[in-house]
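Here is the structure we will look at.
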Ligand SMILES: [Mg+2]
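In the working numbering, the protein residues as written are 51 to 446.
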């Protein structure tokens with residue numbers, strides 16, 4: 051089998067990849083809906099993979115993997131890798147999870163991810179009310195994550211939150227020493243959420259990046275009696291093109307509150323120091339940033355060897371990304387906790403994708419399906435209307 055074409059169309063906001071072959075089998079992959087600007091970057095790789103056998107996934111990846119980077123620049127390579135697995139599975143007549151080593155679990159746990167309720171959360175009451183909505187959600191979440199600190203409106207909207215200068219730019223650029231008021235405010239918001247959530251559902255926090263180490267230690271220690279599942283990206287993360295593994299290790303060793311990072315990290319090599327140095331307790335690579343499904347599987351196995359837990363990122367991954375997450379997470383060792391559940395944006399994504407369970411999530415879990423490849427496809431009749439001008443032939 052040979053690759054004959056690589057296409058990319060931004061459908062809704064998700065750069066969506068289609069790889070065609072000379073045997074009529076095609077595969078889909080997807081990049082985050084936060085990155086519609088990646089289309090041309092994805093198409094750049096076409097010249098390197100046309101003519102290759104897509105079922106030799108690793109051999110194809112050796113041609114393009116070096117031409118990627120930390121978020122957002124690992125996404126294009128990752129989306130292509132996902133589409134290659136889709137083809138390889140269809141060609142073998144097997145679901146992708148079987149090609150990645152087989153199922154460890156029949157259902158994969160997720161956390162709330164893209165299921166959000168809008169509004170600007172600032173006060174403890176705001177946080178408590180919003181959390182109550184997530185607790186009541188139809189998905190039956192068993193883990194819920196909320197955004198606080200530098201990962202929230204606080205640097206902008208809470209007067210005297212920190213001693214840092216406020217930066218109005220995307221992807222959480224703010225950083226600085228917190229005022230005592232700011233630190234107490236974040237802790238009060240977490241306490242208000244714990245009062246709502248009880249001990250039946252786990253609470254986790256996306257916090258930064260931007261905390262300085264002394265504040266991060268004080269915060270994590272203050273949370274110890276609350277049994278927070280993990281505190282994510284306090285020091286670096288999101289779009290930081292580095293890891294700060296040494297600083298994370300100092301934080302991690304200072305507290306019993308589990309630390310978490312890694313959503314922006316590209317390739318197994320860039321998890322080596324975080325894992326080997328026990329710099330964090332939980333890592334969260336995203337299959338659409340780390341280099342793809344097999345890359346994520348490799349990192350999960352290496353983390354397990356070192357006693358580190360897995361909670362993969364995925365909030366923006368779209369419905370094809372959701373399928374990829376289900377397959378790879380079904381194969382992870384027992385260090386797997388849950389992945390961050392992506393939703394289709396806009397809602398019409400649910401009308402144009404076939405193959406997902408209905409409902410997708412039951413009691414906070416997704417049943418792993420057994421159809422070949424990723425097991426999802428487009429209803430082309432319905433989907434064609436959403437193709438942007440210039441990409442009308444995407445499904446051909
Ligand atoms: Mg995050």
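Cβ atoms here follow ideal geometry from the backbone N, Cα and C, with glycine treated the same way.
A direct Cα-Cα distance of roughly 8 Å separates residue 235 from residue 174. Fewer than three beta-carbon pairs drawn from the stretch 188–203 and the stretch 419–430 are found closer than 8 Å, and the two stretches are therefore not classed as touching.
In terms of Cβ geometry, residue 105 and residue 138 form a close pair [threshold 7 Å]. For residue 58, the enclosing beta strand (DSSP E) begins and ends at 53–61.
Annotation: residue 195 is outside any alpha helix (DSSP H); the continuous beta strand (DSSP E) that includes it extends over 193–197. Between the alpha carbons of residue 407 and residue 417 lies a gap of roughly 8 Å.
DSSP places residue 212 in the strand class (E or B) of the three-state scheme.
With a cut-off of 8 Å on Cβ pairs, the stretch 324–335 is in contact with the stretch 353–362, counting three or more such pairs.
Here residue 131 is buried, its C-beta having at least 16 other C-beta atoms within 10 Å. In the three-state scheme derived from DSSP, where H, G and I count as helix and E and B as strand, residue 201 is classed as helix. For the pair residue 433 and residue 233, the Cα-to-Cα distance works out to about 48 Å. Contact annotation: the stretch 429–444 does not touch the stretch 81–88, with fewer than three C-beta pairs closer than 8 Å. Out of 317, 409, 177 and 247, the CA that lies nearest to the CA of residue 127 is found in 317. Secondary structure note for residue 171: it is in no alpha helix (DSSP H), with a DSSP letter that is neither H nor E. Counting only the Cα atoms, residue 97 lies some 45 Å from residue 301. Inclusion of residue 224 and residue 205 in the CB contact set at 7 Å is warranted, their separation being smaller than that value.
Here the alpha carbons of residue 310 and residue 255 stand approximately 10 Å from one another. With 16 or more other Cβ atoms inside 10 Å of its own Cβ, residue 313 counts as buried. As the crow flies, the alpha-carbon of residue 393 is around 12 Å from that of residue 375.
Here residue 401 has 429 and 432 as same chain residues with Cβ atoms under 8 Å from its own Cβ, once five neighbours each way along the sequence are excluded. For residue 57, same chain residues with a beta-carbon under 6 Å away, outside a window of 5 residues either side, are 68 and 444 in chain order. For the 7 Å CB-CB criterion, residue 367 and residue 338 form a contact.
In the structure shown, the three-state DSSP call for residue 176 is helix.
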